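Line order of the protein sequences matches chains A and B. For the record, in the first sequence the residue sitting at position 26 is 37 according to our numbering, with numbers rising by one throughout. For the record, in the second sequence the residue sitting at position 99 is 84 according to our numbering, with numbers rising by one throughout. Note that the Cβ used here is the ideal one computed from N, Cα and C, for glycine as well. All figures in this text were calculated on a predicted structure; none of them were measured in a lab. The structure appears right after this line, and notes come after that.
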Amino acid sequence: MASIDIQSIRKSFGAFPVLHGVDLTIQDGEFIVLVGPSGCGKSTLLRMIAGLERISGGDLLIGGQRMNDVPPAQRGIAMVFQSYALYPHMTVRQNMEFALQIARMPKAEIDKAVENAARILQLTPYLDRLPKALSGGQRQRVAIGRAIVRDPKVFLFDEPLSNLDAALRVATRIEIAQLKEAMPDRTMIYVTHDQVEAMTLASRIVVLARKGIAQVGTPLELYERPVDEFVAQFIGSPAMNLLAGEIIATGAETVVRLDGGGTARSAVPTQTSDMGRKVNIGVRPEDLLAVSGDGLFSGEVQIVEALGEVTQLYVARPGGGAHIIAKLPGIHPDLRHKTVTFGADPAKVHLFADGRSLLYR
Amino acid sequence: MTLAAHSHAAKPLRKRIADASEPYLYSAPALILIIGVMLVPLVLGISYAFRDIQLLNPFSGGFIGLDHFRALGQDQAFFRALRNTLWWTGASVFLQFIFGLILALLLDKPFAGRGLVQALVFLPWAVPSFLAGLNWAWLFNPVIGPLPHWLHALGLLDAPNNILSDPQLAMWGPIAANVWWGIPFFAITLLAALQAIPRDLYEAASIDGAGPVQRFLSITLPFLAPTIAITILLRTVWISNFADLIVVMTNGGPADRTQIVASYIFTQAFKRLDFGYASAIALVLLVLLLVYSLLIVLLRQTMLNKG
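What follows is the structure, encoded as structure tokens:
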């Protein structure tokens, strides 16, 4: 049993509060990814689970046992650090053996565990090398190997791929996904600021904001049904566009008159009492379509970023303000400085009142 | 034609000379300074070792070959000084290192007022060595200093006597002063090395289940090893040459019990004014220290190659 119960955990550094009461239940075998802006406390939360930070308030239960004051080594966890944290004067083998030797495991078992981990991670030829003779990706695999040999119930990853270059990051990400597949009953908690890692690896994503957890859900839940403007803009890249307006028709389909002039239809249902309410509509850049005739808004395309598979357009916002970003499939070299009208499928138009999504109430 | 050919040939020649001498001209000022300040006195000092130079004897100054070294081979005072040097250097370096390491480990942990304590701790290093020697000599003096009375109260001394006048204990006086004076050096250098150790290594080790002792042995010590090797080498050479405290506190006495080679050289040169014999002793000390340094450097090299 390696379920993790986080019960109104708080953390402050001195008088400065970082986490104000986080509640989260993680099931056996889940792959949880913690995301959030820098300074939101996602690494702190991970380090509290690891036992590297004191818990200022609340309870941490791993497998039903209270772990607040249990030393890190006895929590049944293993951690992979962003900086790898390999012991530089020990060989790959010694790095992986270290914890097992401290636990006084018999030599034969240690060798078996190390060789098994080395085989999984393709590190066998490097077992007698020092970390300084390895590439960044190999070092990170050693760090993962050091976690595997201990056979922990919970793996903790603290931005493990941030120090790798782009190609290696993709390769190592896939290795981590395969590792999880090979160990379906192990719980993994993974901190990252990388959207792609979060979306591809997680069984559930936890979005942390400055005040605590903003939303917990599967990657697609967060993408399709964000609970508020923060999550809506945090998940997805480029971020969701928000346009201010006022509800002019309610019912199963809501109609919003936008301050910039156009009207928007949204599949989010509203009640008669919502009539005249000030709202923001949210449309993801990839959901905006160039239309002829009526649309959400019209604007001059000021910057064109051709990425090949898609073209990102930075469109002047009616009435001024930050650009509205649209992502059109294919190549559109001729749109620069043109005025284009954009529309969107009502099913893809989100509604937010006072920052909260009208889907949830 | 011939004139043109001549000027053609002359120019490259002058330029060739200029080009060839260029590096020497650039390095000349530094080289002349080094030769003037270091090599000339060294050669002069070495030459004294083979000459009979006594300041008060106007007929001295002649070349005497290896006579000084033959005399040195018979000189029991020299061998006693050599043994005392080993004792003085070994005990001082060891205690300075141990206390310096403990101090560095304590100062590495954050606590309120750490900056102030760090500044205070490094104060002894700023005290001139002969003032430190005088102060410690007074501290050991039972008439004005508290130390003999404290040592007596603790049962370490039979009576509150001055240990500096006790042939068995006298060496501990300068050693105590030297340890007090030299701890900051080790503390500073080891603290700098400690603070360069990545914190997440300790975190990884604590997750791996390593206790404080294992963390110290598996992470701290390997990281400190190069610094420890180089600081111990430096301090050994300095301390074995460091006669100030001994000259000020005991002047080599009682009965030559605290005479080290460096203070023996000082006595020969500036008390007996026998510069030739003093130079011969200094040459022997130089060779011994060179051999020692070479051994340490070789040891460090093999350690680094292994690592």
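Please name the residues in the segment 174 to 195 of chain B whose beta-carbon is closer than 7 Å to at least one beta-carbon of chain A, in chain order.
Listed in sequence order: P183, D185, L186, E188, A189, S191, I192, D193, G194, A195.
So, for A129 (chain A): in the same chain, excluding its five sequence neighbours on each side, which residues have a beta-carbon less than 7 Å away from its beta-carbon?
Stepping through the first sequence from its first residue, residue 129 (chain A) is reached at position 118. So the list reads T135, L138, G156, once near-sequence residues are dropped.
Three-state secondary structure (DSSP) of R21 (chain A)
Locating residue 21 (chain A) in the first sequence gives position 10, counting from the first residue. DSSP places R21 (chain A) in strand when its eight states are reduced to three.
Simplified DSSP assignment, three categories, for K289 (chain A):
Reading the first sequence from its first residue, position 278 is the one you call residue 289 (chain A). The answer is strand: DSSP assigns K289 (chain A) an E or B state.
Closest Cβ-Cβ distance between F92 (chain A) and chain B: below 8 Å?
The sequence position of residue 92 (chain A) within the first sequence is 81, counting from 1. F92 (chain A) counts as touching chain B.
Skipping 5 residues on each side, what residues in its chain have a beta carbon closer than 7 Å to that of S150 (chain B)?
Translated into the one-based positions of the second sequence, residue 150 (chain B) becomes position 165. So the qualifying residues of the chain are P239.
Neighbouring residues, chain A, relative to Q199 (chain B) (Cβ below 8 Å):
To locate residue 199 (chain B), count along the second sequence from 1; it is residue 214. What Q199 (chain B) touches in chain A: I113.
Select from B:L273, B:L179, B:R285, B:V232 the residue whose C-alpha is nearest the C-alpha of L206 (chain B).
As a first step, residue 206 (chain B) is located in the second sequence; it is residue number 221 there, counting from the start. Closest option to L206 (chain B), Cα to Cα, is B:L179.
State the beta-bridge partners of F84 (chain B) as determined by DSSP.
Translated into the one-based positions of the second sequence, residue 84 (chain B) becomes position 99. Bridge partners of F84 (chain B): none, in fact.
Could you tell me which of A:L307, A:V302, A:M286 sits nearest to V294 (chain A), measuring between CA atoms?
One-based indexing of the first sequence puts residue 294 (chain A) at position 283. Checking every option, the nearest Cα to that of V294 (chain A) belongs to A:L307.
Is any beta-carbon of chain B found at less than 8 Å from that of E311 (chain A)?
By one-based count along the first sequence, residue 311 (chain A) stands at place 300. Under the Cβ criterion of 8 Å, E311 (chain A) is not counted among the residues facing chain B.
Around the Cβ of G47 (chain B), are there at least 16 other Cβ atoms within 10 angstroms (buried) or fewer (exposed)?
Here residue 47 (chain B) corresponds to residue number 62 of the second sequence, with the count starting at 1. That one is exposed.
A122 (chain B) and V246 (chain B) closer than 8 Å at C-beta:
As a first step, residue 122 (chain B) is located in the second sequence; it is residue number 137 there, counting from the start. As a first step, residue 246 (chain B) is located in the second sequence; it is residue number 261 there, counting from the start. It is not a contact, given that the beta carbons lie outside the stated cut-off.
Look at the alpha carbon of Q149 (chain A) and the alpha carbon of P171 (chain A), and state the distance between them as a whole number of angstroms.
As a first step, residue 149 (chain A) must be located in the first sequence, where it is residue number 138. As a first step, residue 171 (chain A) must be located in the first sequence, where it is residue number 160. P171 (chain A) has its alpha-carbon roughly 12 Å from the corresponding atom of Q149 (chain A).
Counting only the same chain and skipping the five closest in sequence on each side, list residues whose C-beta sits under 8 Å from that of T183 (chain A).
Residue mapping note: residue 183 (chain A) aligns to position 172 of the first sequence, counting from 1. If we look at T183 (chain A) and ignore the five residues flanking it on each side, its Cβ neighbours are G148, Q151, R152, P171, L172, L175.
Per the DSSP calculation, I217 (chain B) is bridged to which residue(s)?
For the purposes of this step, residue 217 (chain B) is taken as residue 232 along the second sequence, with counting starting at 1. For I217 (chain B), which the question treats as bridged, DSSP gives no partner whatsoever.
Which of helix, strand or coil DSSP assigns to D34 (chain A)
Within the first sequence, the letter at position 23 stands for residue 34 (chain A). Looking at D34 (chain A) - three-state DSSP - the assignment turns out to be strand.
What's the gap between the Cα of V202 (chain A) and the Cα of V46 (chain A)?
In the first sequence, residue 202 (chain A) corresponds to position 191, counting from 1. In the first sequence, residue 46 (chain A) corresponds to position 35, counting from 1. Just so you know, the alpha carbons of V202 (chain A) and V46 (chain A) end up roughly 6 Å apart.
Could you pull the start and end residues of the beta strand (DSSP E) that Q313 (chain A) belongs to?
Your numbering for residue 313 (chain A) matches position 302 in the first sequence. Looking at the DSSP string, the run of the beta strand (DSSP E) that includes Q313 (chain A) is 308 to 317.
My output table needs one value for P357 (chain A): the three-state DSSP class, helix, strand or coil.
Indexing the first sequence from 1 puts residue 357 (chain A) at position 346. Three-state DSSP puts P357 (chain A) in a helix.
Residue environment, G332 (chain A), which counts as buried when at least 16 other CB atoms sit within 10 Å
Here residue 332 (chain A) refers to the residue found at position 321 when the first sequence is read from its first residue. With fewer than 16 other Cβ atoms from the protein chains shown falling within 10 Å of its own Cβ, G332 (chain A) counts as exposed.
Could you pull the DSSP bridge partners for E64 (chain A) from this structure?
Residue numbering aside, residue 64 (chain A) sits at position 53 when the first sequence is read from its first letter. In DSSP, E64 (chain A) forms no bridge with anything.
Range covered by the alpha helix (DSSP H) that runs through G167 (chain B)
Taking the second sequence and counting its residues from 1, the one referred to as residue 167 (chain B) is at position 182. It spans 157 to 180 - the alpha helix (DSSP H) in which G167 (chain B) sits, taken as one unbroken run.
Expressed to the nearest angstrom, what Euclidean distance is found between the alpha-carbon atoms of P99 (chain A) and I15 (chain A)?
Counting from 1 along the first sequence, the entry for residue 99 (chain A) is found at position 88. Counting from 1 along the first sequence, the entry for residue 15 (chain A) is found at position 4. If you take the alpha carbons of P99 (chain A) and I15 (chain A), they lie about 33 Å apart.
Do you know how far the Cα of L24 (chain B) is from the Cα of N120 (chain B)?
The residue you call residue 120 (chain B) lines up with position 135 of the second sequence. The residue you call residue 24 (chain B) lines up with position 39 of the second sequence. The straight-line gap from Cα to Cα measures roughly 37 Å.
Compare the Cα-Cα distances from K256 (chain B) to each of B:L142, B:L40, B:G167, B:P(-3) and report the closest residue.
The residue you call residue 256 (chain B) lines up with position 271 of the second sequence. In this structure, B:L40 is the residue among B:L142, B:L40, B:G167, B:P(-3) with its C-alpha nearest to the C-alpha of K256 (chain B).
Could you tell me how far apart the beta carbons of V238 (chain A) and Q226 (chain A) are, in whole angstroms, since I believe they sit closer than 8 Å?
Position 227 of the first sequence, counted from the first residue, corresponds to residue 238 (chain A). Position 215 of the first sequence, counted from the first residue, corresponds to residue 226 (chain A). The Cβ separation is near 4 Å, so the contact holds.
Beta-carbon proximity list for G271 (chain A), same chain, < 6 Å, skipping 5 on both sides
One-based indexing of the first sequence puts residue 271 (chain A) at position 260. The residues are F308, P329, G330.
Going by DSSP in three states, Q151 (chain A) sits in which element: helix, strand or coil?
Position 140 of the first sequence, counted from the first residue, corresponds to residue 151 (chain A). DSSP places Q151 (chain A) in helix when its eight states are reduced to three.
DSSP-derived helix/strand/coil call for G261 (chain B):
Taking the first residue of the second sequence as position 1, residue 261 (chain B) is located at position 276. It is helical.
In the DSSP assignment, find the unbroken beta strand (DSSP E) run with L254 (chain A) in it and report its ends.
Indexing the first sequence from 1 puts residue 254 (chain A) at position 243. Its beta strand (DSSP E) spans residues 252 to 260.
Per DSSP, what kind of secondary structure is M90 (chain A) in: helix, strand or coil?
Along the first sequence, read from residue 1 onward, the residue named residue 90 (chain A) stands at position 79. DSSP, read as helix, strand or coil, puts M90 (chain A) in strand.
With H, G and I counted as helix, E and B as strand and the rest as coil, what does DSSP make of V46 (chain A)?
Against the first sequence, residue 46 (chain A) aligns to sequence position 35. Shown here, V46 (chain A) sits in a strand according to DSSP, grouped into three states.
S284 (chain A) classed as buried or exposed, judged by whether at least 16 other C-beta atoms fall within 10 angstroms:
Working through the first sequence from its first residue, we reach residue 284 (chain A) at position 273. Around the beta carbon of S284 (chain A), fewer than 16 other beta carbons lie within 10 angstroms, which makes this residue exposed.
Here's the rule: buried if 16 or more other CB atoms are within 10 angstroms of the residue's CB, otherwise exposed. What is Q244 (chain B)?
The residue you call residue 244 (chain B) lines up with position 259 of the second sequence. Per the 10 Å Cβ criterion, buried.
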